[in-house]
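Please read the structure below before turning to the comments.
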Amino acid sequence: MHVTAQRLAVLRAVSDRPHSSADDIDKVVRAEIGTISHQAVYDALGALTDKGLLRRIQPAGSPARYEARVGDNHHHLICRSCRRMVDVDCAVGVTPCLTAADDSGYEIDEAEVIYWGRCPECVASTAVSSGG
984 MHVTAQRLAV LRAVSDRPHS SADDIDKVVR AEIGTISHQA VYDALGALTD
1034 KGLLRRIQPA GSPARYEARV GDNHHHLICR SCRRMVDVDC AVGVTPCLTA
1084 ADDSGYEIDE AEVIYWGRCP ECVASTAVSS GG
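For the sequence shown, our numbering begins at 984 and goes up steadily by one.
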């Protein structure tokens, strides 16, 4: 993989703003380096993800998000109200905790856990607006 100004800008944007969508990353990169096509940003995200420098998270019903935290064992928690995403370390430890009891002959190379709930801010705002 060649090092380019565009790929470095995308990597910086994701590192500085974990769990951002491709559109959000595109805006940040454009503000930093000026002219870059949407396709170039998407291509850079794909190349960096393929090389293991970024991780792509695909929550159900939401656009893909990207992070630079790779190579460890963590999961994600997403607020159903505001869609904020945070990292959650695996309860089992640093070794992979998602081993299939029966792999059905598949060669498993990835497992993803996404917890869904409501963040403290959304819970508090609901309590305030309902008078509780």
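No residue lacks a Cβ here, since even glycine has one placed at the ideal position from N, Cα and C.
query	result
Supposed contact pair Pro1042 and Ile1097 - C-beta distance, whole angstroms, cut 8 angstroms	6 angstroms
Arg1038 vs Val1053 beta-carbon contact at 7 angstroms	yes
Selected residue, minimal CA-CA separation from Cys1062, among Gly1100, Asp1009, Val1111 and Leu1031	Gly1100
Selected residue, minimal CA-CA separation from Ala1051, among Val993, Ala988, Val1111 and His985	Val993
Buried or exposed (CB count within 10 angstroms, at least 16 for buried), His1059	buried
Residue closest to Cys1102, alpha-carbon to alpha-carbon, out of His1057, Ser1064, Arg1013 and Asp1086	Ser1064
Where Val1012 falls, given that 16 or more other Cβ within 10 Å makes a residue buried	buried
Chain-order list of residues whose beta-carbon lies under 7 angstroms from that of Met984 (same chain, five-residue window excluded)	Ala1030 and Lys1034
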